[in-house]
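In this note's numbering, the protein residues as written are 1342 to 1449.
Even for Gly, the Cβ is constructed at its ideal location relative to N, Cα and C.
The model shown is predicted, which means the values in this text are computed figures rather than measured ones.
One structure is given below, encoded as structure tokens.
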């Protein structure tokens, strides 16, 4: 499994496994602070399925775990402010998806 999904549904500080389409994906809550597990596995891509109010948690996790390719799925009225908040102009490892699902990201 090369993907790690952060959302609001999973348990905090517990790592689970879910199936997205045909892909098995590790998952945990966006507010998890179990950085040992997150840092010590060879994840290639972080997936964040969050709301605008969770963007600080996305930045915190990315800062704690290093520059890993990240896809952020978020619904927002002001898309430019989301891009600015995540420093997408400077950090090219962050890809923001305003419309779409985790399945769409994995299929791409």
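Straight-line spacing of the CA atoms in residue 1358 and residue 1431 works out to 32 Å. For residue 1348, there is no enclosing alpha helix (DSSP H); the residue is found in the beta strand (DSSP E) stretching over 1344-1348.
Annotated as proximal: residue 1411 and residue 1435, with beta-carbon spacing under 8 Å.
Relative to the Cα of residue 1406, the nearest Cα in the group 1438, 1444 and 1373 belongs to 1373. Residue range 1364-1370 is occupied by the beta strand (DSSP E) that includes residue 1370, with no alpha helix (DSSP H) assigned at that position. Taking 3 residues as the shortest admissible run, the region 1396-1445 contains the following complete beta strand (DSSP E) segments, listed from N- to C-terminal end: 1410-1414 and 1435-1438.
The Cβ atoms of residue 1348 and residue 1371 lie closer than 8 Å to each other. Spatial neighbours of residue 1354 in its own chain (CB-CB distance under 7 Å, excluding positions within 5 residues in sequence) are listed in chain order as 1373, 1374 and 1375.
Taking the CA atoms as reference points, residue 1416 sits about 25 Å from residue 1356. Secondary structure of residue 1390 (DSSP, three-state): strand.
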